[in-house]
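Numbering (the working numbering), first residue to last: 1 to 143.
Using N, Cα and C, we set each Cβ at its ideal position, and we do this for glycine too.
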Amino acid sequence: MEARFYLLLSDLDAALLAEVMHSLSAEKAVFVEEVAAEWQALYLALEYIELPSSIIPLEPDKLVLGWDTNFDHEELSALAQPFSEANLQVALLLLVLEDGSSMRVLSLDPEAWEDYSALSSLSASLLSESAVTEWLQAAVISG
């Protein structure tokens, strides 16, 4: 089933936010040696990740990333894992299905996916990216 997977990064200072956005763009460096020493670990963690189809700055220290994906645990894990490896704060994971139904991803643990305890259905229908952004802003505010 086609879906859209969103990942919310938080606690990014301005320099880190800019470097993450650059590392997830087509303009990123080709070789690690082209990257300033302080950002090489970030570059290496994100080097092979599929580039997101959406990159949305949210507030001064948050970033929303979105990918078109399948409803597949392994695919979602492959997208989220590099951010943990880069020691970035993943604040929230969200999965929006084609029909707009949406689920908060509480865990990427394979066992939790078997019984669906990794997912929490939301009452909101998030058909547009602006609806997703509004929902994420509200979720961040409410904690």
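Cβ-Cβ distance between L17 and L51 below 9 angstroms: no
For Y6, the first and last residue of its enclosing alpha helix (DSSP H): Unbroken run through Y6 is the beta strand (DSSP E), 2-10; no alpha helix (DSSP H).
Limits of the beta strand (DSSP E) - the one that W67 falls within: 62-70
Same chain only: Cβ atoms within 6 angstroms of Q89, ignoring 5 sequence neighbours per side: S10, D11
Candidates L46, E33, V105, L122, of which the one nearest Y116 by Cα: V105
Local Cβ density within 10 Å of P82, reported as buried at 16 or more and exposed below that: buried
Residue(s) in a DSSP beta bridge with S54: G66
Any C-beta of chain D under 9 angstroms from that of A26: Here chain D cannot be found, since the structure has a single protein chain.
Euclidean distance between Cα positions of L126 and L119: 16 angstroms
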